[in-house]
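> In UniProt numbering, the protein residues as written are 1 to 322. Every residue, glycine too, gets a C-beta built ideally from N, C-alpha and C. Take this structure, written in structure tokens, and hold onto it; I'll ask about it next.
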């Protein structure tokens, strides 16, 4: 055991006086200040720049502990300054036993993304991307909407049958109008631009709106270079999951809250270089060939890992060595 406390975790990020948080209106602003200090330290301590690997791991582990408190809304009295008072320091050894265990496990993570990853991550005040499972079936994929004119019904026989049924029920209209109405009804029913309930989707942060939008089907999302740079071993799923979880509240948000099956669905998309931005393959005949029919999406294959009950998720600590 390291006898680690939240007070010492803040100290590892050069925060030793609670007054540094006086100008912060809420915990969100306090955490931004913590991130700023963390970024400054990891850039200076990174092994690529001759830094001490042990100090680098300590800084990262302390940040991840403080981040967990923020994500779980467990910051005492709603302010990190509560851990810097004299009374908090006196009680730390008794009250932060679980923090010690948490820090120890995080410090065992030997994955070290490149210095370039941290440099690019330092530009983000708010995580640029959010991954989650769709909570309704109303949102539409930004990419698919652009190509909505090319959307076709996969089962042409079913489409023709549905068209005939609707056309019959609207016999009072002209033949052309009835056919058009029927076709529209079928397309709406099989609209592949919609992100289905429970599907994994990825959105980007809109600075003007102050919220996440521009949602994509997972298979339509191109993995940004910033995320690629944070992968220490793209060939290993478990290593990739650890890397992505460490990006929480830095480049990504939402992954830690997903269950194991959906986490691994996201991981397998990310590690496939065909999905990386800049690696888009040119489709043969795209300029002059016929538009291919778009097959309705199906849920991805189940994870080879043991499936957890819906709503239950695996902690990133489960992936670290004991």
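1. Is it true that the region 100-108 meets the region 63-70, where meeting means three or more beta-carbon pairs spaced less than 8 angstroms apart?
2. Given that a residue counts as buried once 16 or more other Cβ atoms are within 10 Å of its Cβ, and exposed if not, what is residue 274?
3. Measure the beta-carbon distance from residue 325 to residue 258 and round it to whole angstroms, keeping in mind my assumption that it falls under 8 angstroms.
4. Classify residue 239 as buried or exposed, calling it buried when 16 or more other Cβ atoms lie within 10 Å of its own Cβ.
5. Could you tell me which residues DSSP pairs with residue 115 in its beta bridges?
6. Under a Cβ-count criterion, where at least 16 other Cβ atoms within 10 Å of its own Cβ denotes burial, should residue 16 be classed as buried or exposed?
7. Would you mind working out which of 30, 46, 19 and 56 sits nearest residue 327, comparing C-alpha positions?
8. Rank 81, 235, 54 and 225 by C-alpha distance to the C-alpha of residue 34 and give the top, closest one.
9. Would you report the Cα separation of residue 243 and residue 205, rounded to the nearest angstrom?
10. Thinking just about the alpha-carbon of each residue, which of 247, 264 and 76 is nearest to the one in residue 237?
11. State the start and end residues of the unbroken alpha helix (DSSP H) segment that holds residue 41.
12. Going by DSSP in three states, residue 239 sits in which element: helix, strand or coil?
13. When DSSP labels each residue in this structure, what does residue 140 get in the three-state scheme?
14. Please name the residue in 202, 261, 62 and 276 whose C-alpha comes closest to that of residue 8.
15. Helix, strand or coil for residue 135? Go by DSSP, reduced to three states.
16. Hey, could you find the ends of the beta strand (DSSP E) residue 217 is sitting in?
17. For the pair the region 222-229 and the region 190-201, tell me if three or more CB-CB distances fall below 8 angstroms.
18. How is residue 16 classed by DSSP in three states: helix, strand or coil?
19. In terms of alpha-carbon separation, which member of 212, 20 and 98 lies closest to residue 129?
According to the structure data:
1. yes
2. exposed
3. Given that the chain is displayed from residue 1 to residue 322, the structure contains no residue 325 and the question cannot be resolved.
4. buried
5. In DSSP, residue 115 forms no bridge with anything.
6. exposed
7. Outside the displayed range of the chain (1 to 322) lies residue 327, so it cannot be described from this structure.
8. 81
9. 21 angstroms
10. 264
11. 27-45
12. helix
13. strand
14. 62
15. coil
16. 211-217
17. no
18. coil
19. 212
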